[in-house]
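Sequential numbering of the sequence shown, starting at 10, is according to our numbering.
Worksheet: one structure, shown below.
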Amino acid sequence: EIVGRQGCKIKALRAKTNTYIKTPVRGEEPVFLITGRKEDVALARREIISAAEHFSMLRASRNKLGVSFSGSPPTPLPGQTTIQVRVPYRVVGLVVGPKGSTIKRI
10 EIVGRQGCKI KALRAKTNTY IKTPVRGEEP VFLITGRKED VALARREIIS AAEHFSMLRA
70 SRNKLGVSFS GSPPTPLPGQ TTIQVRVPYR VVGLVVGPKG STIKRI
């Protein structure tokens, strides 16, 4: 849900932050890999974490249950950094949104 339908949300976030974002594959660890300039990576990280927290709270309030958190990125160029952002598996798709609408809005 963070990624969106056909990755549209992540594509929009990539464009907004000028970063490369590798999304988790279904069934694997819910970790996003973000590569770009340090400040751009930090912005993308904040956006993903914010979306994950938002959707986690929505899901928890609906279910009244607690939320548990549970490929290789491109080689960074000089001046770039790569970080991993772990989100709850259940909200990966939510961050992206239908047809990527959520990521586009971010």
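Glycine included, C-beta positions come from ideal geometry on N, C-alpha and C.
Applying the 10 Å Cβ sphere with the 16-neighbour rule, what's the burial state of residue i?
i	result
Glu56	buried
Pro87	exposed
Ala60	buried
So residue i and residue j are supposed to be a Cβ contact under 8 Å. How far apart are they, rounded?
i	j	result
Gln93	Leu42	6 Å
Could you please give me the residues that DSSP links to residue i through a beta bridge?
i	result
Gly45	Thr90
Arg95	Val40
Lys31	Leu42
Give every residue of the same chain whose Cβ lies closer than 8 Å to the Cβ of residue i, excluding the five residues on either side of it in the sequence, and list them in chain order.
i	result
Asn27	Gly45, Arg46, Asp49
Return the chain-ordered list of same chain residues with a C-beta closer than 7 Å to the C-beta of residue i, the five sequence neighbours on each side being excluded.
i	result
Ala24	none
With a CB to CB cut of under 6 Å and the five nearest residues on each side skipped, what residues in its chain are close to residue i?
i	result
Val96	Pro39, Ala61
Taking one C-beta from the stretch 23-36 and one from the stretch 58-69 each time, how about it: are there three or more such pairs within less than 8 Å? No, because fewer than three Cβ pairs between the stretch 23-36 and the stretch 58-69 fall closer than 8 Å, the two stretches do not touch.
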